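Since the structure comes first, as structure tokens, the remarks are kept for the end.
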Amino acid sequence: MSNPKQLIFPFQINQKASFENFFCLPDNHYLLTRLSDFVSSNDAHELIISGEKGAGKSFLIQAICNELGSKGKKFGFIPMNKAINMGIEIFQDLASLDVVCVDDLQLILANGDWEKALFNLINECQQSSCSLILSLGDTKPLEEVTQLPDLLSRIKRMEFMTLRAVQNEQLKQALNFVSVQLDINIEAAELDFLLKYQTREFSLLVENLLLLDQQAASLKRRITIPLIKETLKL
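In my numbering, the protein residues as written are 1 to 234.
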């Protein structure tokens, strides 16, 4: 590939995603330290970040991409919830980059064509010393969802790290952290309302918080309970 930068940003990356803006539970400290070391390393790695839905894997993958970009490394970000509609060609020539990040690996397992394409990508990355980071959100055993035995073997050789999700009792603290880090002006009463009447899934709560911030800015209003009701259709 003559110009790999053409493949670096086929998908939009959240520019606010960073290790600094990631609410890190004590159980995730080692994971974050490991990822920080990886970003600074010039060695090739194969990592899988696993965790339940809403744990923040997509945010963390995008944070990794932003950290890599700040260090001048060439990377590819492939969110499978969007890329799966584009065809397996999206995996071609990626191994010429420094790092390839594939989000939501579970979406392409049990799909023969995608599994073969991923198997080839893994082999190409190994040959070219390109690092590979995958996120996996399915709780089913890999043996139950992977059709290609050789792919299963390759995946199981990778380093697995588990991202622990924010629990109910930690949601308010986590949202407070995010609002401060992202300079979102929201009062305690509005946060309590959001937690009471909205999803308890942390990643979706953060998305809603960002949406409310954008809406408040466009309307030149504060984030109030009426604005929350209006924006989120409550």
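Backbone N, C-alpha and C fix where the C-beta goes; we use that ideal spot for every residue, glycine too. Keep in mind that this is a model prediction, so the values were computed, not measured.
Contact between L142 and I155 holds: their C-beta atoms lie close to 6 Å from each other, under 8 Å. Note on geometry: alpha-carbon atoms of M158 and L152 lie some 10 Å from one another. Closest option to I90, judged by alpha-carbon separation, among E67, C65 and A117: A117. Q181 has its alpha-carbon roughly 38 Å from the corresponding atom of E115. The residues E124, C125, S128 and C130, in chain order, have a CB closer than 6 Å to that of A95 in the same chain once the five nearest residues on each side in sequence are set aside. Counting every other CB atom within 10 Å of its CB across the protein chains shown gives L35 a total of 16 or more, marking it as buried.
For T162, the pairing in a beta bridge is given by DSSP as S50. The segment 162-173 makes contact with the segment 21-31: 3 or more CB pairs, one atom from each, lie closer than 8 Å. Counting of Cβ neighbours within 10 angstroms places G56 among the buried residues, the total reaching 16 or more.
Annotation note: the segment 88-134 contains the following uninterrupted alpha helix (DSSP H) runs of length 4 or greater, listed N- to C-terminal: 112-128. Within the same chain, K53 and G54 come within 8 Å of E201 by CB-CB distance, once the 5 residues on both sides are set aside. With fewer than 16 other Cβ atoms inside 10 Å of its own Cβ, T33 counts as exposed. For the pair I184 and L212, the CB atoms are nearer than the 9 Å cut-off. Taking a C-beta distance under 9 Å as the contact criterion, A188 and I225 do not qualify as a contact pair. Beta-bridge partners of P79 (DSSP): D103. Annotated three-state conformation of L136 is strand, per DSSP. In the DSSP assignment, C65 falls within the unbroken alpha helix (DSSP H) covering K57 to S70. Taking L204 as the centre and dropping the five residues before and after it, the same chain places the C-beta of G54 closer than 7 Å to its C-beta, in chain order.
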